[in-house]
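Chains as they are written, first to last, in the numbering used here: chain A, 13 to 272; chain B, -1 to 247. Note that beta-carbon positions come from the ideal geometry of N, C-alpha and C, so glycine has one too.
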Amino acid sequence: MTAGAAIALADVTRRFPLKGSREGVLALDRVTLDVRPGEFVALLGPSGCGKSTLLRMTAGLDAPSTGTVRVGGEAPAAIAARQGFGVAFQDHALLPWLSVRDNIALPYRVAGRRVDAARVAELIALVKLTGFEEAFPRALSGGMRQRVNIARALVLEPAVLLLDEPFGALDAVTRRHMNLELQRIWTETRTTTLLVTHAVEEALFLADRVVVMTGRPGRVAQDLPVPFPRPRPVEVMREPEFHRLSDGLVAALEPEAAEP
Amino acid sequence: MRIARDPRVLGLLGTLLLCLAWEAIGASGLGGFTWPPLSRVVAMLADPDRWDLFGRAAGATLSAALTGYALGAAAGIVLAVLTHLLPPLAPGADRLAAGMNAVPSVALAPVFLVLLPAGGTPATLSGIGVMFLVYVATASGLRAAGAAHQDLFSVLGARPAARLLRLELPAALPSISTGLRLAVPAALIGAVIGEWFGAPRGLGVLIVNGMQNFQIVLLWSAVLLAALLSLAGFLIATAVERAVHARFR
Ligand SMILES: Nc1ncnc2c1ncn2[C@@H]1O[C@H](COP(=O)(O)OP(=O)(O)OP(=O)(O)O)[C@@H](O)[C@H]1O
Ligand SMILES: [Mg+2]
């Protein structure tokens, strides 16, 4: 474990019970991963390799079978108790009875803090939902809901941002737009971020480091530093070096992708 | 065709058929002399000389049912919230609620008659029936919040009070509103049965008097009035339930 790591997963194994199997499912097998303060790490891997499990353990929603998870040197629960996490998970988890504005303001209310209306309005504008403040989630498209989800994750300016395929449901254009926005926000705040994604380009465009995991059981297969300087313009995606790294990552993912 | 399939039209048609059958059986004497035609029952209810009697009786029953409904619903919700916050209490509360519901109110009524101050039995029986239904509905509703929402609140560092107020109670409202709808007939039944066993006035008292004095039409009038009151309350509660379901789901 590196001293001073913002997120430190040491030798983490997670075994889930499975009906009809005595040893259960080995979702994560001795994963060690350090994220430095202010670092953006993208996590790539085939479906079912334990990416969400890893993120949930970082957020304190699940505990490793063996190994330790520390965030800022503390147990994840301690960070959660003082609203240190911003999360946007695969399932948008918006409250159906709250409007867009109230959903984004929810972290303030849960924390018992006064709602900063200006900050909420700023985030609504950032995710391009101006005019939809009073709309309920059921009246929004999947992409719009996911944008509310992201705004809610950012609203308290968390110390650690955990994103689980937040753009998975978006169309290519909106997705690229959100990538640009996320990069812009991130460059301003330099929040320690762990992003799970299936998109190789997204990982390379956003992250300082791309960690590739193997299929079940999940292990760290590759840990690739991304060389492009910041701020990164969109043009970075057209550079030969970007394509070379991208091809390498796709190849690293492929053996599992070919499996049934 | 489309009109015929509308559930409201079908419901109205069914009610009409039932009324006609009632009238026919009563008029033909098939049901014996304790089965008066519907028209005679309605005529008695429509007789202005009787309005005072029926009005006071219905008022007394309604007030007992409303008191029982309000107190029972509040007690049911409070008990469910308490057991939700203190899970070790849950099995005991479940057994208490189920036990109270399992004892027939006809058996409870004499006990309350002895225990309670005069006139308290109808509202108490009504409240017990309501409390059970609302407790069960609330307890299951408080568990209705989705896992993803629970996880979100955990990551946001929610304390139990914030979780209850901002997630679990709103998520429970559809279930609570359904319980409140089902509790409407229970409230009236409790009040009427309570009145059988001793109350100065009320529809239950009219029913018992009608029975004892063989005033069959009066008996049926009181029964019909109680049913109409219950139906009206049920319809109001259904409208509330619809609105809650539309908003909180
Ligand atoms: N609560 C659970 N109970 C049992 N098994 C689980 C549970 N959560 C995850 N698993 C198992 O752990 C493995 C990893 O799941 P996880 O959701 O972390 O994968 P993932 O990498 O996020 O997949 P995807 O890319 O499809 O989202 C899977 O085999 C899954 O069946
Ligand atoms: Mg996942």
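query                                                                                                                               : result
8 Å Cβ cut-off: residues of chain A touching P168 of chain B                                                                        : L107 and W109
Near-chain C residues of the region 141 to 154 of chain B - C-beta to any C-beta below 8 Å                                          : The chain labelled as chain C is not found among the protein chains of the depicted structure, namely A and B.
Option in A:P170, A:L166 and A:V172 with minimal Cα separation from P194 of chain A                                                 : Residue identity check: residue 194 of chain A is Leu in the sequence provided, not Pro. Closest option to L194 of chain A, Cα to Cα, is A:L166.
Validate contact between the region 177 to 191 of chain B and the region 226 to 239 of chain B using beta carbons, cut 8 Å, 3 pairs : yes
Sequence-ordered residues whose beta carbon comes within less than 7 Å of a heavy atom of ligand 2                                  : A:K63, A:S64, A:Q102, A:D176, A:E177 and A:V208
A105 of chain B CB to nearest heavy atom of ligand 1 below 7 Å                                                                      : no
C-beta atoms of I75 of chain B and V132 of chain B nearer than 8 Å                                                                  : yes
Beta-carbon gap between R27 of chain A and S77 of chain A smaller than 8 Å                                                          : yes
Proximal residues of chain B, C-beta to C-beta of G260 of chain A below 9 Å                                                         : Simply none; closest approach about 34 Å.
Simplified DSSP assignment, three categories, for Q210 of chain B                                                                   : helix
Given 8 Å, three or more beta-carbon pairs between the region 116 to 131 of chain B and the region 193 to 213 of chain B            : yes
Whole runs of the alpha helix (DSSP H) within the region 165 to 236 of chain A, excluding any shorter than 4 residues               : 184 to 201 and 212 to 218
S103 of chain B versus B:L171, B:G127 and B:E21, residue with shortest Cα-Cα distance                                               : B:G127
Reduced DSSP secondary structure (H/G/I, E/B, other) of S33 of chain A                                                              : strand
8 Å Cβ cutoff, A17 of chain A in contact with chain B                                                                               : no
Burial state of Q210 of chain B (16 or more Cβ within 10 Å)                                                                         : exposed
Residues in the region 51 to 82 of chain A having any Cβ partner in chain B nearer than 9 Å                                         : R68, A71, G72 and L73
Pairwise C-alpha distance: L10 of chain B and K63 of chain A                                                                        : 57 Å
Validate contact between the region 87 to 107 of chain A and the region 141 to 149 of chain B using beta carbons, cut 8 Å, 3 pairs  : yes
Element boundaries [alpha helix (DSSP H), containing L77 of chain B]                                                                : P46 to L83
Contact set between Q95 of chain A and chain B, taken where Cβ atoms lie within less than 8 Å                                       : L154 and G155
At least three beta-carbon pairs within less than 8 Å, the region 221 to 239 of chain A to the region 78 to 86 of chain A           : no
G154 of chain A at chain B interface by Cβ criterion, 8 Å                                                                           : no
Among A:R113, A:E35, A:T25 and A:Q234, nearest to T142 of chain A - alpha-carbon criterion                                          : A:R113
Boundaries (first-last residue) of the beta strand (DSSP E) holding V83 of chain A                                                  : T78 to V83
Bounding residues of the beta strand (DSSP E) (the contiguous stretch that carries D56 of chain A)                                  : Looking at the sequence shown, residue 56 of chain A is not Asp but Leu. Where L56 of chain A is concerned, the enclosing beta strand (DSSP E) stretches over F52 to L56.
Terminal residues of the alpha helix (DSSP H) in which V182 of chain B lies                                                         : L167 to W194
Collapsed DSSP secondary structure at F110 of chain B in the structure displayed                                                    : helix
Simplified DSSP assignment, three categories, for V238 of chain B                                                                   : helix
Nonlocal neighbours in the same chain, by C-beta distance under 6 Å from D176 of chain A, ignoring five residues either side        : S64, L67, F101, Q102 and V208
Residues, ordered as in the chain, of the region 116 to 127 of chain A that lie near chain B by beta-carbon distance below 8 Å      : L118, P119, R121, V122, A123 and G124
Cβ neighbour criterion (16 or more within 10 Å) applied to P34 of chain B                                                           : buried
A156 of chain B and V172 of chain A closer than 8 Å at C-beta                                                                       : no
Cβ neighbours of N99 of chain B in the same chain (closer than 7 Å, five flanking residues each side left out)                      : F130
Cutoff 8 Å; reference A270 of chain A; Cβ partners in own chain excluding five residues on either side                              : Residue placement at A270 of chain A is flagged as unreliable, the pLDDT there being 48, under the threshold of 50; the coordinate-derived value follows with that caveat. So the list is empty, once near-sequence residues are dropped.
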